[in-house]
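Below is one structure; the comments refer to it alone.
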């Protein structure tokens, strides 16, 4: 069992605080294991097992409790009145009106609540209304390269090659690296995510969302988004691509399907940030896929682009480190990432190599043209180009990932 130390520490930080802890993330990224590890930590610190109530709604044995009134009665009957009770509800979005249960438990002084969900719609406006100001979201991702390397028996460079190929889903790291076996596992996850995306959308029609029903279209859009990772796209350009392939589909439908994929945490949408005007631009967007192993399953290896794969890894590492991340626009030039934290900006370029002089200039020129004193960095696989060039740092990407 891989210990996710950073996420465990996040739960520990909020333990016994009067907020609901909500762990979100793609299916099979480790949410259930995290809850189990945290329950073990509670026991190690003296909490009795009778004070812990844990339900996983993906298990058939709890199907009857998917009625919110039955769930509330079940939990209430098991509370110990004179002790703190720790309640863990895994994949709770399967329970219709679960927010009513959570809200009723929240008002009790002796209850500490932890829930997980694999769809961002569980934090819909409806739930936010119930729990406004009373929850904290912990966004869980697959393994970082640092986590991956800590359990890998290979050298740093060989570990990175494996990470780029197979991704960081926890169970994949425990498998023998038989490509057929890994592919079968990733296929199962991928298909499950798509089916659940349709189900979750159906279950949330009461929020005014249009249902999505065509899994073939969902696969086509996910394949296209996988192929354009790191490229600017619009709903119109995606629609035109699908229409040119013989599909009859409207931009509104494409937008709904993209939203469903993002709600399932398989793709992440990134807006542009105007560096001069200091404002977000909503027209063109980039999409990144949560795990490169999934991308390599969805697309043939021959279509693989090393530079965009590196960019994908950097994007999610920046999220792990707590940054808000956008794509930078500087007049007619692009900065791969503009990050923000505590009112500080950081400009980042990502490239496979800086050895070629033209590539070096292409990556450095936009950073030189930014007229402020915030940090500027180029991340590259090269070790030969590492250094400081007039205040612009060139850093080896693998070393940066291991910081």
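Numbering (the UniProt record's numbering), first residue to last: 1 to 403. C-beta: ideal position from N, C-alpha, C; glycine also.
Item, Value
"Looking at residue 274 and residue 329, is the spacing between their C-beta atoms short of 7 Å?", "yes"
"Let me know the secondary structure DSSP gives residue 295 once reduced to three states.", "helix"
"Mind checking residue 259: buried by the 16 CB within 10 Å criterion, or exposed?", "buried"
"Check residue 326 in the structure and name its three-state DSSP category.", "strand"
"Mind listing, in chain order, the continuous beta strand (DSSP E) runs of no fewer than 3 residues lying wholly within the region 160-248?", "none"
"Leaving out the 5 sequence neighbours to the left and right, which residues in its chain are closer than 8 Å to residue 19 when beta-carbon positions are compared?", "134, 135, 136"
"Taking just the CA atoms, how far does residue 145 sit from residue 313?", "9 Å"
"Residues in the same chain with beta-carbon distance under 6 Å from residue 88, minus the five sequence neighbours each way, listed in chain order, please.", "35, 54, 114"
"Kindly indicate which three-state DSSP category residue 353 falls into: helix, strand or coil?", "coil"
"Can you tell me the Cβ-Cβ gap for residue 27 and residue 118, rounded? I've got them flagged as a contact below 8 Å.", "5 Å"
"How is residue 365 classed by DSSP in three states: helix, strand or coil?", "helix"
"Taking only three categories from DSSP, how would you classify residue 41?", "helix"
"Do the region 210-230 and the region 242-259 make contact, defined as three or more Cβ pairs closer than 8 Å?", "yes"
"Does the beta-carbon distance from residue 238 to residue 267 come in below 7 Å?", "no"
"Starting from the C-beta of residue 367, find all residues in its chain whose C-beta is less than 8 Å away, skip the five residues before and the five after it, and write them out in chain order.", "335, 347, 349, 376, 378, 392"
"Taking all protein chains shown into account, do 16 or more other C-beta atoms lie within 10 angstroms of the C-beta of residue 251, making it buried, or fewer, making it exposed?", "exposed"
"Going straight from the alpha carbon of residue 69 to that of residue 8, what length do you get?", "31 Å"
"Tell me, which residues are paired with residue 287 by DSSP?", "269"
"To which residues does DSSP link residue 387 through a beta bridge?", "394"
"Is residue 91 helix, strand or coil when you go by DSSP?", "coil"
"With respect to the alpha helix (DSSP H) encompassing residue 263, which residues constitute its N-terminal and C-terminal limits?", "251-263"
"Would you list the residues sitting across from residue 340 in a DSSP beta bridge?", "324, 345"
"For residue 314, which beta-bridge partners are listed by DSSP?", "DSSP output for residue 314 lists no bridge partner at all."
"Report the three-state DSSP secondary structure of residue 56 (helix, strand or coil).", "strand"
"In three-state DSSP terms, what is residue 114?", "strand"
"Give the DSSP-derived three-state secondary structure of residue 67 in the structure shown.", "strand"
"Taking its Cβ as the centre, do 16 or more other Cβ atoms sit within 10 Å of residue 37, making it buried, or is it exposed?", "buried"
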